[in-house]
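Just below is one structure, and these are the notes that go with it.
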Amino acid sequence: MSTPDPKLLLAWYDSHARTLPWRVPPQPAGRRVLPDPYRVWLSEIMLQQTTVAAVKGYFDDFTRRWPSLADLAAADLDDVLRAWAGLGYYSRARNLKACANAVVADHGGAFPDNETELRKLPGIGAYTAAAIAAIAFDRPAVVVDGNVERVVSRLFRLTEPLPGSRPLIREKATLVTPNHRPGDFAQAMMDLGATICTPRKPVCGLCPWEKSCLVAHDADVAQFPRKAPKTARPTRHGTVFVVFQADGSVLLRKRPEKGLLGGMAEVPGTEWTAQSADHAEKFAPFICTKWTKLNRPVEHTFTHFHLVLSVWTGVADHANQTIDKHWWSSREAVAGEALPTVMRKVLKAAEPHRPGL
DNA sequence: CACTCGTGGGA
DNA sequence: TTCCCAAGAGT
Numbered sequence: 001m002s003t004p005d006p007k008l009l010l011a012w013y014d015s016h017a018r019t020l021p022w023r024v025p026p027q028p029a030g031r032r033v034l035p036d037p038y039r040v041w042l043s044e045i046m047l048q049q050t051t052v053a054a055v056k057g058y059f060d061d062f063t064r065r066w067p068s069l070a071d072l073a074a075a076d077l078d079d080v081l082r083a084w085a086g087l088g089y090y091s092r093a094r095n096l097k098a099c100a101n102a103v104v105a106d107h108g109g110a111f112p113d114n115e116t117e118l119r120k121l122p123g124i125g126a127y128t129a130a131a132i133a134a135i136a137f138d139r140p141a142v143v144v145d146g147n148v149e150r151v152v153s154r155l156f157r158l159t160e161p162l163p164g165s166r167p168l169i170r171e172k173a174t175l176v177t178p179n180h181r182p183g184d185f186a187q188a189m190m191d192l193g194a195t196i197c198t199p200r201k202p203v204c205g206l207c208p209w210e211k212s213c214l215v216a217h218d219a220d221v222a223q224f225p226r227k228a229p230k231t232a233r234p235t236r237h238g239t240v241f242v243v244f245q246a247d248g249s250v251l252l253r254k255r256p257e258k259g260l261l262g263g264m265a266e267v268p269g270t271e272w273t274a275q276s277a278d279h280a281e282k283f284a285p286f287i288c289t290k291w292t293k294l295n296r297p298v299e300h301t302f303t304h305f306h307l308v309l310s311v312w313t314g315v316a317d318h319a320n321q322t323i324d325k326h327w328w329s330s331r332e333a334v335a336g337e338a339l340p341t342v343m344r345k346v347l348k349a350a351e352p353h354r355p356g357l
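Residues 1 to 357 (the UniProt record's numbering) make up the first sequence, in order.
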């Protein structure tokens, strides 16, 4: 069995590359056209643990609104958070803004072209530094993401489960990464992982590396890469209060800057705890005389826990009361708030109780 | 090193 | 329905 030949993968990529908004298509032999580093960086941040389908719309919105790095550096963080709402992993949005500021302040507004300097920027880890160096600057960086882990684990039939196998995966990835067209090679690995060497039902018959793959003809290709067993997801409980005014506006507040959903908007509520302690009456702000508890709680599953929220709704007794660190969001404004998906679920559940329908 | 940190879609 | 997962980073 021969070592996987980069030329075979690059030839496959030349005819099968996905067309993506942040990408420059593979060029004819001898030509090299590099993409805008700003767009490469933005796409890489958005794509961290996030599907291409989910990213596309956000990428279009961001690049339309902030066409250049300088535009993003000049933006308000809260505007960036509002634009990011729904995409998840919100620390990415904060680091995105911090990174834009740092590149302007410390690098004259141009991204550094090497992994070492890229790695020092907020939100850019080992993978993203290598990806930007390779894709935006065509540097021969070893790019190891989830796709590469899967492809390499299969090519070399690595039986040790993740994450323990990572050092060996990197070693093998280094072995196959060429000095020629490293940017296209990195993107080719991702396209291969996304369209051929997929997690569940890989299409080995269409793979340019089938002949050099040690598991292509196994019955259990999809069992690679092997992974350590996952721990069970606990359930947390909380109570939230959807307070309306007669004009249909709703009371919101801002979550703490750090931690889960950091800096995002929410309706007021209790802490989320393991016990379903319903201290609702004690917590409820004294701005509504009458409260209604929804029959059905709102449920939402995060990466590491499941959340069950009891939802109480009420209409404020007096118009435009000022409440410290809260604000009233009008019907028109709610859509543009930095509300994470779980809070949009809460508002949707309370919608039948909103005045002035 | 192990844990935190979102979401929507597909099987 | 339930589970898994998708171009990881920060601590």
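Cβ atoms here follow ideal geometry from the backbone N, Cα and C, with glycine treated the same way. Being a predicted model, the structure only gives us computed values, none of them experimental.
Opposing strand residues paired with residue i [DSSP bridges]
| i | result |
| --- | --- |
| LEU251 | TRP328 |
| GLU117 | DSSP, once it has assigned bridges, lists no residue as partnering GLU117. |
| SER310 | THR239 |
| ALA265 | LYS254 |
| TRP291 | GLY314 |
| PHE244 | VAL250 and VAL315 |
| LYS201 | DSSP output for LYS201 lists no bridge partner at all. |
| GLU299 | VAL308 |
| LYS227 | LEU162 |
| THR270 | Bridge partners of THR270: none, in fact. |
Burial state of residue i (16 or more Cβ within 10 Å)
| i | result |
| --- | --- |
| GLN223 | exposed |
| LEU118 | buried |
| SER329 | buried |
| THR231 | exposed |
| GLU299 | exposed |
| GLY263 | buried |
| ALA15 | Here residue 15 is Ser; the residue named in the question, Ala, does not match the sequence. The residue is exposed, with fewer than 16 neighbouring Cβ atoms inside 10 Å. |
| HIS237 | buried |
| GLN245 | buried |
| GLY269 | buried |
| ALA265 | buried |
| THR341 | exposed |
| SER276 | exposed |
| VAL142 | buried |
| VAL33 | exposed |
| ALA130 | buried |
| THR303 | exposed |
| PRO352 | exposed |
| ARG233 | exposed |
Nearest-angstrom Cβ-Cβ length linking residue i and residue j, presumed shorter than 8 Å
| i | j | result |
| --- | --- | --- |
| LEU9 | PHE185 | 7 Å |
| LEU87 | THR50 | 7 Å |
| ARG226 | THR159 | 7 Å |
| THR19 | PRO28 | THR19 to PRO28, Cβ: 17 Å. No contact. |
| ARG331 | GLY248 | 5 Å |
| THR3 | LEU260 | Their Cβ separation, rounded to whole angstroms, is 44 Å, which puts THR3 and LEU260 out of contact at 8 Å. |
| VAL215 | ARG154 | 5 Å |
| ILE45 | GLY123 | 6 Å |
| GLU333 | LEU294 | Checking the sequence, you will find Ala at residue 333 rather than Glu. That pair is no contact at about 23 Å. |
| VAL308 | THR198 | VAL308 to THR198, Cβ: 34 Å. No contact. |
Distance, residue j Cα to residue i Cα
| i | j | result |
| --- | --- | --- |
| VAL144 | PRO285 | 50 Å |
| GLY183 | THR301 | 36 Å |
| THR177 | GLU149 | 13 Å |
| VAL103 | ALA219 | 49 Å |
| VAL221 | PRO202 | 7 Å |
| GLN187 | GLU271 | 43 Å |
| ALA83 | VAL250 | 20 Å |
| ILE196 | SER310 | 44 Å |
| THR292 | GLY314 | 6 Å |
| ALA70 | ALA274 | 44 Å |
| LEU162 | ALA228 | 6 Å |
| GLN321 | ALA98 | 35 Å |
| LYS147 | TRP66 | At residue 147 the sequence reads Asn, which differs from the Lys that was named. Cα to Cα, ASN147 sits roughly 29 Å from TRP66. |
| ALA338 | ASP78 | 8 Å |
| SER91 | GLU257 | 9 Å |
| PRO355 | THR116 | 56 Å |
| PRO112 | PHE59 | 22 Å |
| SER43 | MET343 | 26 Å |
| HIS13 | GLN48 | Contrary to the premise, residue 13 reads as Tyr rather than His in this sequence. Near 22 Å, if we compare the C-alpha coordinates of GLN48 and TYR13. |
| THR136 | ALA100 | Note on residue identity: the sequence assigns Ala, not Thr, to residue 136. One C-alpha to the other measures close to 16 Å. |
| HIS107 | VAL55 | 27 Å |
| TRP327 | HIS306 | 28 Å |
| VAL243 | ALA194 | 44 Å |
| ASN179 | ASN114 | 15 Å |
Any non-hydrogen atom of the ligand PLP within 6 Å of residue i CB
| i | result |
| --- | --- |
| GLY109 | The ligand content of the structure shown is nil, which means the ligand PLP is not present either. |
Which residue spans inside the UniProt domain "HhH-GPD" (46 to 195) form an unbroken alpha helix (DSSP H) run of at least 4?
52 to 65, 69 to 73, 77 to 84, 91 to 107, 115 to 119, 126 to 137, 146 to 155, 166 to 176 and 182 to 195
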